[in-house]
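S.K.: Protein chains in written order, with the UniProt record's numbering: chain A, 1 to 152; chain B, 1 to 152.
For glycine and all other residues, C-beta sits at the position ideal for the given N, C-alpha and C.
Just so we're clear, the structure is a prediction, and the values are computed from it rather than from any experiment.
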DNA sequence: CTTTTATATAGATTTATTTTCTATTTTTAA
DNA sequence: TTAAAAATAGAAAATAAATCTATATAAAAG
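#1: Please classify residue 104 of chain A: does DSSP put it in a helix, a strand, or coil?
#2: Residues bridged to residue 73 of chain B by DSSP?
#3: Among B:26, B:64, B:145, B:75, which has the Cα closest to the Cα of residue 118 of chain B?
#4: If contact is defined by three or more beta carbon pairs under 8 Å, each pair taking one atom from either stretch, is the stretch 41-49 of chain A in contact with the stretch 66-83 of chain B?
#5: Can you tell me which of the three DSSP states residue 49 of chain B falls into?
#6: Please tell me whether residue 77 of chain B has its Cβ less than 8 Å away from any Cβ of chain A.
#7: Can you tell which of B:106, B:147, B:111, B:114 has the C-alpha that lies nearest to the C-alpha of residue 133 of chain B?
#8: DSSP state of residue 82 of chain A, grouped into three classes?
#9: Check for me: the alpha helix (DSSP H) holding residue 58 of chain A runs from which residue to which?
#10: So residue 26 of chain B contacts chain A; which residues on that side make the cut at Cβ distance below 8 Å?
#11: For residue 9 of chain A, which residues of its own chain have a beta-carbon under 8 Å away from its beta-carbon, when the five flanking residues on both sides are left out?
#12: Does any residue of chain A have a CB that is nearer than 8 Å to the CB of residue 148 of chain B?
#13: Can you grab the Cα-Cα spacing for the pair residue 111 of chain B / residue 16 of chain A, in whole Å?
#14: Any Cβ of chain B within less than 8 Å of the Cβ of residue 57 of chain A?
#15: Would you please verify whether the beta carbon of residue 17 of chain A is less than 8 Å from any beta carbon of chain B?
#16: May I ask you to list the residues that DSSP assigns as paired with residue 16 of chain B?
#17: At the level of alpha carbons, what is the spacing between residue 13 of chain B and residue 95 of chain A?
#18: Quick check on DSSP: helix, strand or coil for residue 149 of chain B?
#19: Just by C-beta distance, which residues in the stretch 110-122 of chain A are closer than 8 Å to chain B?
#20: Specify the secondary structure class of residue 89 of chain A as computed by DSSP and reduced to three states.
#21: Is residue 53 of chain A close to chain B, meaning its C-beta is less than 8 Å from at least one C-beta of that chain?
#22: Can you tell which of A:2, A:1, A:11 has its C-alpha closest to the C-alpha of residue 148 of chain A?
#23: Contact defined as beta carbons within less than 8 Å: I believe residue 67 of chain A pairs with residue 138 of chain A. What is the distance between those atoms, to the nearest angstrom?
#24: Buried or exposed, going by whether 16 or more other CB atoms sit within 10 Å of the CB of residue 154 of chain A?
#25: Going by beta carbon distance, what residues of the same chain come within less than 7 Å of residue 113 of chain B, once the five residues before and after it are set aside?
#26: Buried or exposed: residue 7 of chain A, going by 16 or more other Cβ atoms within 10 Å of its Cβ?
#27: Got a sec, what are the start and stop residues for the alpha helix (DSSP H) residue 153 of chain B sits in?
#28: In whole angstroms, give me the CA-to-CA distance for residue 90 of chain B and residue 32 of chain B.
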């Protein structure tokens with residue numbers, strides 16, 4: 001489907017705060033409640049709106065330690081990639097895993113309590129996965145920006 | 001505040017789907033609607049629940065091209081860091097910017113339409129920021145895992 | 001250019017959910 | 001062991017979502 005300016009503004013508003021009522025949205029968009037409601041339902045049906053979620057303040061739940069781990073496999077056969085990927089997605093400390101081009105194969109974003117928890121994770125979980133060649137950890141000093149809002 | 005097992009399960013459920021009604025949650029948690037409601041309100045007051053948002057399927061809105069950009073500044077004075085950070089957070093293509101330890105100063109996660117859009121972004125926006133020393137772009141081949149759910 | 005069809009919108013109504021209120025129960029601390 | 005505080009339950013009130021019917025707007029066909 002093609003998104004018009006109203007759809008884009010609607011998506012911006014919902015990406016920023018999905019608790020807004022259709023009434024509030026209708027005022028900002030100069031539409032009726034029903035028109036807004038139907039547009040939202042359409043965006044949901046099309047899968048453009050993927051899901052509604054709560055975002056947690058990580059620093060308030062002892063998960064303020066963020067690590068980027070750059071990882072190489074020992075081989076790059078489909079079998080090895082698939083095996084590694086199926087295992088890494090199981091690890092709850094790993095919020096993101098991206099297969100990437102360049103000097104290494106994967107970039108992982110890992111969230112734990114502190115350095116000690118990371119050491120434990122690395123030794124008992126990550127490096128026990130099969131086919132891992134090497135890992136290189138980069139630690140977050142501060143979070144300058146972190147948003148889920150995509151500009152459409 | 002200290003979170004008990006019910007709070008943690010509640011946060012897991014809401015992080016996965018914030019559209020669940022308090023009725024549905026109450027059934028899963030074996031609590032009354034009011035008890036669930038009060039727990040949610042407390043988590044909001046404490047700032048543990050940061051916000052409610054819609055997550056958009058990027059590939060359906062022509063923002064499926066993800067780049068990790070590793071960046072160095074020419075100097076590391078507070079002035080230079082602050083200036084750079086205040087500018088980079090304005091860029092809507094930059095979803096994440098992390099100040100990190102190690103070989104480079106920042107890791108950026110950038111979302112655009114395609115390689116051509118990235119080239120345009122790099123040339124007209126990112127590299128025009130002040131105090132940038134060097135950039136190194138790594139392109140996402142596939143998204144193995146990408147979740148906002150923090151295991152508490 | 002007009003008619004037909006489909007799509008989008010508005011307002012009213014119904015249904016569902018959230019929020020508030022009061023009463024108990026449970027937990028914590030004195 | 002008792003008093004105070006916190007958490008929970010159920011009912012009532014307030015609010016919002018979802019549905020329905022009618023109208024308007026836009027796209028396609030004759």
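M.R.: This is what the structure gives:
#1: Locating residue 104 of chain A in the first chain gives position 104, where the first residue counts as 1. In this structure, residue 104 of chain A counts as coil in the three-state DSSP scheme.
#2: Residue mapping note: residue 73 of chain B aligns to position 73 of the second chain, counting from 1. Its beta-bridge partners are B:132.
#3: Taking the second chain and counting its residues from 1, one reaches residue 118 of chain B at position 118. Nearest of B:26, B:64, B:145, B:75 to residue 118 of chain B, Cα basis: B:64.
#4: By the C-beta criterion, the stretch 66-83 of chain B is judged not to be in contact with the stretch 41-49 of chain A, since fewer than 3 inter-stretch pairs fall below 8 Å.
#5: Sequence index remark: in the second chain, residue 49 of chain B carries index 49 (1-based). Here residue 49 of chain B sits in strand by DSSP.
#6: Residue numbering aside, residue 77 of chain B sits at position 77 when the second chain is read from its first letter. Output row for residue 77 of chain B: interface = no.
#7: Walking along the second chain from the start, residue 133 of chain B turns up at place 133. Nearest of B:106, B:147, B:111, B:114 to residue 133 of chain B, Cα basis: B:106.
#8: To locate residue 82 of chain A, count along the first chain from 1; it is residue 82. Helix.
#9: Within the first chain, residue 58 of chain A is the residue found at index 58, counting from 1. Unbroken run through residue 58 of chain A: none, as it is neither H nor E.
#10: Walking along the second chain from the start, residue 26 of chain B turns up at place 26. Chain order gives no chain A residues near residue 26 of chain B, where near means a beta carbon separation below 8 Å; the closest approach is about 17 Å.
#11: Residue numbering aside, residue 9 of chain A sits at position 9 when the first chain is read from its first letter. Taken in chain order, the residues that qualify are 28, 29.
#12: The residue given as residue 148 of chain B occupies position 148 in the second chain. At least one CB atom of chain A sits nearer than 8 Å to the CB of residue 148 of chain B.
#13: Start at 1 with the first residue of the second chain, and residue 111 of chain B comes out as number 111. Start at 1 with the first residue of the first chain, and residue 16 of chain A comes out as number 16. So the two alpha carbons sit approximately 17 Å from each other.
#14: Translated into the one-based positions of the first chain, residue 57 of chain A becomes position 57. It does: the Cβ of residue 57 of chain A has a partner Cβ on chain B nearer than 8 Å.
#15: Position 17 of the first chain, counted from the first residue, corresponds to residue 17 of chain A. Yes, contact with chain B.
#16: Here residue 16 of chain B refers to the residue found at position 16 when the second chain is read from its first residue. Looking at the DSSP output, residue 16 of chain B shares a beta bridge with no other residue.
#17: Stepping through the second chain from its first residue, residue 13 of chain B is reached at position 13. Stepping through the first chain from its first residue, residue 95 of chain A is reached at position 95. For residue 13 of chain B and residue 95 of chain A, the distance between alpha carbons rounds to 16 Å.
#18: Within the second chain, numbered from 1, the residue matching residue 149 of chain B stands at position 149. Coil.
#19: Listed by position along the chain: 111.
#20: Mapped onto the first chain, residue 89 of chain A falls at position 89. In the displayed model, residue 89 of chain A falls within coil according to three-state DSSP, outside both helix and strand.
#21: Position 53 of the first chain, counted from the first residue, corresponds to residue 53 of chain A. By this cut-off, residue 53 of chain A is an interface position.
#22: In the first chain, residue 148 of chain A corresponds to position 148, counting from 1. Looking from the CA of residue 148 of chain A, the closest CA among A:2, A:1, A:11 belongs to A:11.
#23: Here residue 67 of chain A refers to the residue found at position 67 when the first chain is read from its first residue. Here residue 138 of chain A refers to the residue found at position 138 when the first chain is read from its first residue. So it is a contact: roughly 7 Å between Cβ atoms.
#24: Nothing about residue 154 of chain A can be reported from this structure: the residues present for chain A run from 1 to 152 only.
#25: Locating residue 113 of chain B in the second chain gives position 113, where the first residue counts as 1. Cβ-Cβ distances below 7 Å link residue 113 of chain B to 62, 63, 65 in the same chain, with the five nearest sequence neighbours on each side left out; the list follows chain order.
#26: Translated into the one-based positions of the first chain, residue 7 of chain A becomes position 7. Around the Cβ of residue 7 of chain A, a 10 Å sphere holds 16 or more other Cβ atoms; the residue is buried.
#27: Not covered by the structure: residue 153 of chain B. The range shown for chain B is 1 to 152.
#28: On the second chain, residue 90 of chain B is found 90 positions in, with the first residue counted as 1. On the second chain, residue 32 of chain B is found 32 positions in, with the first residue counted as 1. Note on geometry: alpha-carbon atoms of residue 90 of chain B and residue 32 of chain B lie some 44 Å from one another.
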